[in-house]
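Beneath this line is the structure, given in structure tokens, with notes to follow.
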Amino acid sequence: MAPKLFTIAIAGNPNCGKTALFNALTGARQSVGNWPGVTVEKKEGFFELGNQHIRVVDLPGTYALFANAEDERAAVDYLLTREADLIVNIIDASNIERNLFLTSQLVDMQIPMVIAANMIDIAEKRGLHLDLDILAERFGVPVIPLSAVNERSITNFISEMAHVVAGKKMTPKAIHYGENVENAVKYLEPQVEPVAKLLGTDARWVSLMYLGNEKSYADKFAEAKVKINKAEVTKMLNEESEFAMADARYSLAHEIAGKTILSNRSKRTWSDKLDSVLLNRWASLPIFLLVMYLVFWVAVTIGSAFIDFFDVLFGAIFVDGLGYLLTDVLHAPGFVSAILADGIGAGIQTVSTFIPVIFFMFLCLSFLEDSGYMARAAFVADRFMRFLGLPGRAFVPMMVGFGCGVPGIMGSRVLESKRERFLTIFLVPFMSCGARLPVYALFAAAFFGAQAGTVVFALYLAGVLFAIVYGLILRRSLFVGEASNFVMELPPYHLPKFKSLMIHSWLRLRDYIIRAGKVITIAVAILGFLNSFGFVDKLYTEINGEKTEIVKAEEGYAMVQDEKEVPLPEGVVIDESKIKTETEFTAGNGDSENSLLSSIGKAITPIFEPFGVESNNWPASVSLFTGLLAKEAVIGTMNSLYSMAGPGDAPAAAETPKAPEAAIAAPEKPVEVVVADSSETRHPEQSEESSEVSAAVDSAAADSAAAVADGATAETPAEEPVLIAGRDECPAEEEEEGGAPDILGAFKEALGTIPENLSEVVGSLTDILGTSGELEAQNAAELKKVTLDKILEAKAITCEEYASIETFSEDEGADKAREAVFAKLAAAGLTLSEDEIGALEEGDLSETADIYANLRSYFHNPDKNGNPVDGFNWQVFAFLIFILLYVPCLAAMGVVVREIGLGLGVLMAVVQTVLAWAVSILLYQIPVGGDKFWIVSSIIVLVATFVFLKLFGLSANKKGRFED
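Note that the numbering used here gives residue 321 to position 340 of the sequence shown, counting from 1, and the numbers run on in steps of one.
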């Protein structure tokens, strides 16, 4: 039989170095979970002590053990199980008196204990000299000096611990608290015996807990049907029991500290000097905002530089690779690949894209925590947060929410009160996370031009203002109560250890992946299923006596075999009167109007019409669904569906916003050769002279094309090249079929995105909203489109030559080929400016230009009569406000459900979406002088929502649902 695992529980005040010791002992051999019944983080790890395998449990940092707050209850419950063979009580040697309050409570539990006097080096620098032998004598347990951030000190500590574990365990000496308290304990012991049996402990400890706080284990007192005569206890103590017990413990701590500290020549430390600046009345707030800005910048900007790496690599493995394995290797049905690869695989890919931003966010938070600044940040924000009924430390999770809502919501765990924790979780999603920023920036660049940055900032500000208003409403309805007293120790500053930062960040990241990843993957799989499957009308007829699927082709019809189009058998003519249409439920309809998701989007579009989403703009409704996966998915979904649905039916009077004139100005030298359209038919006014010039240019172009064509030789005359006047005259590139995905190639491609993205980091310091980058991309794309159209009008180049300047390949010989094309155009009378050539190289027509064109086609700023109007586009702004306010992404909701439960999580999502709907309607209808019915209806919805929250809050608070 294997020997029993020896377990050590580490207990101590917050910021006493408890976690630093835990990390030093266990390294990366840690696991993170939750304590039973609560959302308080539970950490445990392992290390070797001689020949013995030791388990270490890191108890929540608390100033006392009254079992009221979740962290205190978790710590006490664990210690009551007697699972721990030894308690290591870490005390701050530089502030020993305050730490001894918790020590006295641990002594009362009569569990073998060791006291670790941490930060002994800091105490000595402050002029404090301690006699730790006096401390050991008084409590009857070993006391070991320690500096948890010093490797030599850790080695010495482990050596001392080896002797403790190998020898006889020292149970602390019982503490005598004075005659009055001891008399009260004797009075209570027989009465609390049933409670002691329920808890598996002795009656003296239960009595002391009751005297310290009568609410301690009130549920167990009720279960055991034990009622204490509080008046009698107060009479025996001559004061309230809480005050008497606190006075007894603090008197004991003061007495012991006075004997332990031999000399106290206090010196002004460098932490004190830093605080004189960082906590200065006038400088503290600007410094705090600057620090939070840098945290946001690091997490969003630097973290985002690694998103493409995870997106490309995980997409190649879990979507393309898994799809190939299922379809081509295992020959699984299409729906299996759609569910596993396009559903679950895409879910894993989505989770992976959150990893870099969340990791860098956790890294920044760990740095602030370990350095000692986080406590100061909470102190600075306390006055403002109390206005919302929250303590100062609640500001940190909200600030983190600007980077990503997931760590922001998880950061609410630092709050002791359940009411405050839940209220903070309700408000964090209104902070515009980094995933919303690409949506804001793209819409702003497309519709607001030079005002783009101002509009994006207004959206961020709108989220903050709405959070303030919503917080005040929740404080008076659902989460009624005042902010708890804010008492926080200001630990000394020190430079965090790299190893400790990495361990903290990795453990938190792993916790996110395991917990939130499950919810996200399942939800993405469901949405992937809805996006892939749908009802499709298919054409069938009989060919050679067999029922055969056919599709319309360029000339007549083609057959479908193995999901591919093949020509009809020779001599077969389709009789259209015998064609039958059948509706089938099929897979492979992703981002098309045939998918179930698109059908749902079309069905619910009328719900969004009141704030400007018109009936033909159903892709926008679908994008709100895919936005649940990640807000940045809104743009990709809209563009995919718009490209299939065609341009919006905007009134003819609608004007498309123009790019800056300088960006699309025509070249100084006029175009001398013009062909009217892609059908090669000339305008009636085209002269014979221009026809002759065209013929001459065609001849010259043929010679030039032959010179650069691949494989052309002197012996084999090249075919006369065809000059084009439109993109549609070039044959479409055939996609390579079959073959396993190139995982190694994808990995190399993914690696290549990191330096490319990091190269843009420096400029983002002054453009964190990203609007200037979007404007540059927009201008480059639009100028490229204008330039290519101009080149096509000249009808002077071939398809191959056109491709060389459209893609601007970096392959060998590409530069020479482009120079030949530009020379050929110049010979035809078309000289391109430097700006136009630069746009050909930098512009991205595959995405950017199409996105802007499609957005403007569907969001044309109509008035109440549907006619487009000039000025500020309230249609777009209302849509962006809805994206800001409606239900958070699935990653955030997964964490919300984990933290507050499914019921409250659903309530939060529904109420938030309803409020988003009503506010967006008001923001659209009022400025355009819209329908009074919708304005009044929205106001009624807002009032009804507040009434509902008030009534629900009365019921919930009556039942004590938000009490600790």
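Glycine included, C-beta positions come from ideal geometry on N, C-alpha and C.
**Item:** Nonlocal neighbours in the same chain, by C-beta distance under 8 Å from Ala238, ignoring five residues either side
**Value:** Within the sequence shown, numbered from 1, the residue matching residue 238 stands at position 257. Within the same chain, Ala238 has close Cβ partners Ile77, Glu78, Leu81.
**Prompt:** Looking only at its own chain, which residues have a Cβ that is under 7 Å from the Cβ of Leu179, when we skip the five neighbours before and after it?
**Reply:** Your numbering for residue 179 matches position 198 in the sequence shown. These residues qualify, in order along the chain: Lys201, Glu204, Ala205.
**Request:** Mind checking which residues open and close the beta strand (DSSP E) that includes Gln33?
**Result:** Translated into the one-based positions of the sequence shown, residue 33 becomes position 52. Looking at the DSSP string, the run of the beta strand (DSSP E) that includes Gln33 is 33 to 39.
**Request:** Find the nearest neighbour of Ile735 within the set Gly284, Glu590, Arg457, Met380, judged by alpha-carbon distance.
**Result:** Looking up residue 735 in the sequence shown gives position 754. The shortest C-alpha separation from Ile735 is found at Gly284.
**Prompt:** Can you tell me where the alpha helix (DSSP H) with Met949 in it begins and where it stops?
**Reply:** Outside the shown range of the chain (-18 to 945) lies residue 949, about which nothing can therefore be said.
**Message:** Between the alpha carbons of Ala375 and Pro869, how many angstroms are there, rounded?
**Reply:** Against the sequence shown, residue 375 aligns to sequence position 394. Against the sequence shown, residue 869 aligns to sequence position 888. Using only the alpha carbons, I get a separation of about 19 Å.
**Asked** Would you call Glu782 buried or exposed, if buried means 16 or more other Cβ atoms sit within 10 Å of its Cβ?
**Response** As a working note, residue 782 is residue 801 in the sequence shown. So Glu782 counts as buried.
**Message:** Quick test of the definition: if touching needs 3 or more C-beta pairs under 8 Å, does the stretch 250 to 267 touch the stretch 366 to 373?
**Reply:** no
**Prompt:** Which of helix, strand or coil does DSSP assign to Phe803?
**Reply:** Locating residue 803 in the sequence shown gives position 822, counting from the first residue. Phe803 falls in the helix class under three-state DSSP.
**Request:** Quick one: grab the DSSP three-state call for Leu903.
**Result:** Translated into the one-based positions of the sequence shown, residue 903 becomes position 922. Reduced to three states, the DSSP call for Leu903 is helix.
**Message:** I need the straight-line Cα distance from Ala584 to Val361, nearest angstrom please.
**Reply:** For this step, residue 584 is matched to residue 603 along the sequence shown. For this step, residue 361 is matched to residue 380 along the sequence shown. The alpha-carbon atoms of Ala584 and Val361 are separated by roughly 49 Å.
**Rounded distance between the beta-carbons of Leu6 and Val38, thought under 8 Å** = Residue mapping note: residue 38 aligns to position 57 of the sequence shown, counting from 1. Residue mapping note: residue 6 aligns to position 25 of the sequence shown, counting from 1. Incorrect: roughly 11 Å between the Cβ atoms, too far for contact.
**Asked** Can you name, in chain order, every residue of its own chain whose Cβ lies under 7 Å from the Cβ of Ile115, other than the five neighbours on each side?
**Response** One-based indexing of the sequence shown puts residue 115 at position 134. Same-chain partners within the cutoff: Lys240, Thr241.
**Prompt:** Under the rule that 16 or more other beta-carbon atoms within 10 Å means buried, what is Lys167, buried or exposed?
**Reply:** Here residue 167 is taken as the residue at index 186 of the sequence shown, counted from 1. By the 10 Å Cβ count, Lys167 comes out exposed.
**Prompt:** If you follow the beta strand (DSSP E) that Phe933 is part of, which residue opens it and which one closes it?
**Reply:** As a first step, residue 933 must be located in the sequence shown, where it is residue number 952. Run containing Phe933: none in the beta strand (DSSP E); it sits in the alpha helix (DSSP H), 913 to 939.
**Request:** Would you list the one or two residues that DSSP bridges to Leu259?
**Result:** Counting from 1 along the sequence shown, the entry for residue 259 is found at position 278. BP columns for Leu259 are empty, so no partner.
**Prompt:** Going straight from the alpha carbon of Leu418 to that of Ile581, what length do you get?
**Reply:** Within the sequence shown, residue 418 is the residue found at index 437, counting from 1. Within the sequence shown, residue 581 is the residue found at index 600, counting from 1. So the alpha carbons of these two residues sit roughly 26 Å apart.
**Message:** Between Glu574 and Leu622, how many whole angstroms is the CB-CB distance? I'm expecting something under 8 Å.
**Reply:** As a first step, residue 574 must be located in the sequence shown, where it is residue number 593. As a first step, residue 622 must be located in the sequence shown, where it is residue number 641. Indeed they touch by this definition, with Cβ atoms about 7 Å apart.
**Prompt:** Can you give, in chain order, each stretch of the alpha helix (DSSP H) that sits fully within the stretch 87 to 156 and has at least 4 residues?
**Reply:** 101 to 106, 113 to 120, 132 to 147
**Request:** Determine the DSSP secondary structure at Thr851, reduced to helix, strand or coil.
**Result:** Counting from 1 along the sequence shown, the entry for residue 851 is found at position 870. Reading off the sequence shown, one finds Asp at residue 851, where the question assumed Thr. The answer is coil: DSSP assigns Asp851 none of H, G, I, E or B.
**Prompt:** Between the stretch 82 to 102 and the stretch -17 to 2, are three or more C-beta pairs nearer than 8 Å?
**Reply:** yes
**Prompt:** Beta-carbon separation of Ser918 and Leu903 under 7 Å?
**Reply:** Numbered from its first residue, the sequence shown carries residue 918 at position 937. Numbered from its first residue, the sequence shown carries residue 903 at position 922. The answer is no: Cβ separation not under 7 Å.
**Prompt:** So the alpha helix (DSSP H) Leu948 belongs to, where does it begin and stop?
**Reply:** This structure cannot speak to residue 948, because the chain is shown only from -18 to 945.
**Message:** Going by C-alpha to C-alpha distance, which of Glu141, Val88, Gly108, Val146 sits closest to Ala156?
**Reply:** Position 175 of the sequence shown, counted from the first residue, corresponds to residue 156. Looking at the sequence shown, residue 156 is not Ala but Ile. Comparing Cα positions, the closest option is Val88.
**Prompt:** Where do the ends of the beta strand (DSSP E) carrying Ile588 lie?
**Reply:** In the sequence shown, counting from the first residue as 1, residue 588 sits at position 607. Segment 577 to 589 is the alpha helix (DSSP H) holding Ile588; no beta strand (DSSP E) there.
**Item:** Supposed contact pair Thr522 and Ile560 - C-beta distance, whole angstroms, cut 8 Å
**Value:** For this step, residue 560 is matched to residue 579 along the sequence shown. For this step, residue 522 is matched to residue 541 along the sequence shown. Contact flag correct, Cβ pair sits at about 5 Å.
**Asked** How do the stretch 404 to 423 and the stretch 445 to 459 stand: do at least 3 beta-carbon pairs fall below 8 Å, yes or no?
**Response** yes
**Item:** Glu25 in three-state terms, based on DSSP
**Value:** Within the sequence shown, the letter at position 44 stands for residue 25. Glu25: strand per DSSP, three-state reduction.
**Closest by C-alpha distance to Ser352, when choosing among Val130, Ile862, Trp898** = Taking the sequence shown and counting its residues from 1, one reaches residue 352 at position 371. Nearest option by C-alpha distance: Val130.
**Prompt:** If you draw a straight line from the alpha carbon of Thr637 to that of Asp851, how long is it in whole angstroms?
**Reply:** Here the question's residue 637 lines up with position 656 in the sequence shown. Here the question's residue 851 lines up with position 870 in the sequence shown. Note on Thr637: pLDDT 38, under 50, position unreliable in the model; no value is reported.
**Host alpha helix (DSSP H) of Ile818 (start-end)** = Position 837 of the sequence shown, counted from the first residue, corresponds to residue 818. Start and end: 815 to 823.
**Request:** For Ser596, collect the residues of the same chain with a Cβ closer than 8 Å to its Cβ; drop the 5 residues on either side in sequence, then sort them by chain order.
**Result:** Within the sequence shown, residue 596 is the residue found at index 615, counting from 1. Result list for Ser596: Thr586, Pro587, Glu590, in chain order.
**Request:** Output yes or no for whether 7 Å exceeds the beta carbon distance between Val300 and Ala322.
**Result:** If you number the sequence shown from 1, residue 300 lands on position 319. If you number the sequence shown from 1, residue 322 lands on position 341. Yes.
**Request:** With DSSP as the reference, please indicate the residues paired to Gly515 in a beta bridge.
**Result:** Residue numbering aside, residue 515 sits at position 534 when the sequence shown is read from its first letter. Partner(s): Thr567, Ser576.
**Asked** Where do the N-terminal and C-terminal ends of the alpha helix (DSSP H) with Val437 fall, by residue?
**Response** Locating residue 437 in the sequence shown gives position 456, counting from the first residue. Here the alpha helix (DSSP H) through Val437 covers 433 to 456.
**Asked** Pro171 by DSSP, collapsed to three states: which one?
**Response** Against the sequence shown, residue 171 aligns to sequence position 190. In this structure, Pro171 counts as helix in the three-state DSSP scheme.
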